[in-house]
Amino acid sequence: MAHKQRQPNTQTTLSILIEIFLAGMGRSTHPRKLPEKQLPDRVAALLPESALYTQLLEFEARVDAALHRKKVDIQEALKTPPALQRTLRIYVFNTFANQAPRTIPPPKNAEPPTWSLKIIGRVLEDGAELDPASVVPKHNPVYPKFSSFFKRVTIALDPSLYPENPLIIWENARSAAPQEGFEVKRKGDKEFSANIRLEMNYNPEKFKLSQPLMEVLGVEVDTRARVIAALWQYIKAKKLQNPTDPSFFMCDPQLKKVFGEDKLRFAMLSQKISQHLSPPPPINLEHKIKLSGNGAHASACYDVLVDVPFPLQKEMSAFLANTEKHKDIEACDEVISASIKKIHEHRRRRAFFLGFSQSPVEFINALIASQSKDLKLVAGEANRNIERERRADFYNQPWVEDAVIRYLNRKPASGNEGPGGGAGGS
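FYI, the UniProt record's numbering numbers position 68 of the sequence shown as 68, with every residue one higher than the one before it.
Written out as structure tokens, the structure reads:
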């Protein structure tokens with residue numbers, strides 16, 4: 001009686017084991033492709049340690065989601081990179097060589113007298129104060145190189161001394177790579193004044209404000225966005241926004257000089273200030289080429305306000321580049337996938353031996369039946385009923401006679417001559 005009470009439970013377990021084994025061989029009544037890194041519930045039930053693995057998968061999903069959000073935030077920030085305002089100090093000086101006194105005749109085969117005009121600049125750190133007469137500081141790799149701050153540099157020499165090429169022009173658009181400075185070297189032993197014209201390469205673009213607008217904002221040169229923001233701060237500070245219609249603002253006497261109206265719509269602000277913005281003037285410097293004294297002659301230093309990229313911008317770009325490289329992660333995923341495949345293989349083998357140990361006869365019969373069914377599928381005989389074809393009543397059906405006639409008529413077409421075929425030919 002005890003054996004009969006356990007029989008249903010044994011049959012149920014056996015059927016489950018057979019299904020597991022056959023599924024491992026590629027046959028499943030409900031085929032379903034699981035994620036490569038996911039463990040099925042039936043496998044997890046056999047491995048208590050898999051609970052930790054499942055928790056790690058969930059944690060990985062949360063980390064991936066957080067990284068994706070941060071990546072999107074960084075990409076948006078890099079589209080409009082923040083900038084810091086720093087001071088660019090420009091050093092202009094010249095050196096000379098082989099400048100013999102005029103009272104002494106030059107020796108034979110002596111090197112010709114030469115001079116070099118040098119223009120170098122460095123971005124100063126916040127609060128840093130350097131002595132203009134001190135040595136030029138080293139370039140900080142965090143900031144762009146000196147030539148990046150200019151569109152065009154023009155150096156005009158004395159045309160009476162250098163009639164062939166009195167103008168030296170450098171253009172950023174034609175430069176192969178940014179430089180840390182400019183140098184002009186010529187032969188000569190006469191002092192003169194060189195004119196230097198520096199056209200700034202503002203990024204984003206800056207404009208010179210008209211006199212009325214400059215009196216309102218107290219700024220001479222700035223970007224369009226900063227000008228509009230400063231106007232908005234001025235309007236808020238003066239409480240000029242129309243209380244009944246916030247899309248308008250009232251013009252006080254200073255703004256009336258700028259816009260020429262008593263009130264103005266905010267939507268027209270950007271269009272109205274365009275006539276008050278013009279290209280910024282170039283920086284004009286004059287340097288006297290001195291050919292006497294000791295060492296280099298640094299006549300002056302000039303400070304210019306420039307916008308430099310936010311220091312973390314390079315790190316942010318590097319972070320994005322590193323997130324695109326998943327070689328290590330992909331290698332780990334391949335190891336995990338291979339391990340899960342091995343787990344499935346061991347689970348299939350376990351199901352085979354466990355099912356065989358519980359009921360060897362039933363398990364082997366089920367296995368043979370499954371293999372026979374697979375063989376019929378391969379042979380294309382899945383729809384045939386062999387047991388029914390063994391009975392005589394199967395051939396008493398109406399279609400049998402017609403099928404026999406068709407079979408006999410089709411027989412000569414195979415190329416084998418029948419008994420009457422040879423007599424007809426003789």
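Backbone N, C-alpha and C fix where the C-beta goes; we use that ideal spot for every residue, glycine too.
Among the options, which one has its Cα closest to the Cα of residue i?
{"i": "aspartate 158", "options": "Leu209, Gly188, Glu215, Phe93", "result": "Gly188"}
{"i": "glutamine 99", "options": "Lys290, Tyr162, Asp393", "result": "Lys290"}
{"i": "lysine 288", "options": "Gln75, Glu334, Asn94", "result": "Asn94"}
{"i": "serine 147", "options": "Asp393, Ile336, Ala176", "result": "Ala176"}
{"i": "glutamate 171", "options": "Leu124, Lys108, Gln179", "result": "Gln179"}
{"i": "tyrosine 234", "options": "Ile196, Asp245, Met214", "result": "Met214"}
{"i": "proline 246", "options": "Leu264, Val258, Leu255, Lys257", "result": "Leu264"}
{"i": "alanine 110", "options": "Lys145, Ala97, Gly121, Ile119", "result": "Ala97"}
{"i": "methionine 200", "options": "Phe149, Gly293, Pro113", "result": "Phe149"}
{"i": "threonine 87", "options": "Val123, Leu52, Glu76, Val72", "result": "Val123"}
{"i": "phenylalanine 207", "options": "Asn242, Lys145, Ala225, Ser278", "result": "Ser278"}
{"i": "aspartate 252", "options": "Thr244, Gln397, Asp262", "result": "Asp262"}
{"i": "arginine 197", "options": "His344, Asn284, Gln85", "result": "Asn284"}
{"i": "valine 306", "options": "Ser372, Ser270, Tyr202", "result": "Tyr202"}
{"i": "proline 281", "options": "Pro360, Trp115, Lys151, Val72", "result": "Lys151"}
Buried or exposed for residue i, going by 16 or more other Cβ atoms inside 10 Å?
{"i": "histidine 68", "result": "exposed"}
{"i": "lysine 236", "result": "exposed"}
{"i": "alanine 351", "result": "buried"}
{"i": "aspartate 222", "result": "buried"}
{"i": "leucine 231", "result": "buried"}
{"i": "glycine 260", "result": "exposed"}
{"i": "isoleucine 90", "result": "buried"}
{"i": "isoleucine 364", "result": "exposed"}
{"i": "arginine 349", "result": "exposed"}
{"i": "phenylalanine 394", "result": "exposed"}
{"i": "glycine 355", "result": "buried"}
{"i": "phenylalanine 353", "result": "exposed"}
{"i": "alanine 66", "result": "exposed"}
{"i": "phenylalanine 59", "result": "exposed"}
{"i": "tryptophan 399", "result": "exposed"}
{"i": "arginine 174", "result": "exposed"}
{"i": "asparagine 409", "result": "exposed"}
{"i": "alanine 392", "result": "exposed"}
{"i": "valine 335", "result": "exposed"}
{"i": "leucine 167", "result": "exposed"}
{"i": "leucine 377", "result": "exposed"}
{"i": "lysine 33", "result": "Because the pLDDT at lysine 33 is just 45, under 50, the model does not fix this residue reliably, and the point stays unresolved."}
At what residues does the alpha helix (DSSP H) containing residue i begin and finish?
{"i": "lysine 239", "result": "Looking at the DSSP string, lysine 239 is not in any alpha helix (DSSP H), and its letter there is neither H nor E."}
{"i": "valine 335", "result": "327 to 358"}
{"i": "valine 400", "result": "399 to 410"}
{"i": "lysine 272", "result": "269 to 273"}
Once the 5 residues before and after residue i are set aside, which same chain residues still bring their CB inside 8 Å of it?
{"i": "arginine 406", "result": "none"}
{"i": "leucine 161", "result": "Gly188, Lys190, Phe192"}
{"i": "arginine 27", "result": "Summary for arginine 27: the model assigns pLDDT 46, below 50, so the residue's position carries little reliability; its value from the coordinates is reported in the next sentence. Closer than 8 Å at the Cβ level, and outside the excluded window around arginine 27, lie Ser370, Asp374."}
{"i": "proline 212", "result": "Gln254, Lys257, Val258, His276"}
{"i": "isoleucine 74", "result": "Met316, Phe319, Leu320"}
Let me know the secondary structure DSSP gives residue i once reduced to three states.
{"i": "aspartate 252", "result": "coil"}
{"i": "asparagine 165", "result": "coil"}
{"i": "glycine 260", "result": "coil"}
{"i": "serine 292", "result": "coil"}
{"i": "phenylalanine 363", "result": "helix"}
{"i": "leucine 302", "result": "It is worth fixing the name first, because residue 302 is tyrosine in this sequence and not leucine. Correct three-state label for tyrosine 302: strand."}
{"i": "histidine 139", "result": "coil"}
{"i": "alanine 194", "result": "strand"}
{"i": "valine 219", "result": "coil"}
{"i": "valine 72", "result": "helix"}
{"i": "arginine 265", "result": "strand"}
{"i": "asparagine 396", "result": "helix"}
{"i": "glutamate 171", "result": "strand"}
{"i": "leucine 56", "result": "helix"}
{"i": "proline 212", "result": "helix"}
Please return the same chain residues whose Cβ sits closer than 6 Å to the Cβ of residue i, not counting the five positions on each side in sequence.
{"i": "serine 210", "result": "His276"}
{"i": "aspartate 303", "result": "Thr87, Arg89"}
{"i": "arginine 272", "result": "It should be noted that the sequence gives lysine, not arginine, for residue 272. Here the set comprises Phe259."}
At what residues does the beta strand (DSSP E) containing residue i begin and finish?
{"i": "asparagine 385", "result": "Taken as a continuous stretch (DSSP letters only), asparagine 385 belongs to no beta strand (DSSP E), as it is neither H nor E."}
{"i": "lysine 208", "result": "206 to 209"}
{"i": "lysine 151", "result": "150 to 156"}
{"i": "lysine 118", "result": "114 to 124"}
{"i": "alanine 97", "result": "83 to 97"}
{"i": "arginine 186", "result": "181 to 187"}
Checking contacts by CB at 8 Å: is residue i closer than that to chain B?
{"i": "tyrosine 234", "result": "The structure shown contains no chain B, having only a single protein chain."}
Considering only residues of the same chain and omitting the five flanking positions on each side of residue i, which have a CB-CB separation below 7 Å?
{"i": "alanine 194", "result": "Leu117, Ile155, Ala156, Leu157, His287, Ile289"}
{"i": "arginine 388", "result": "Phe394"}
{"i": "tyrosine 143", "result": "Val123, Val308"}
{"i": "lysine 238", "result": "Asp252"}
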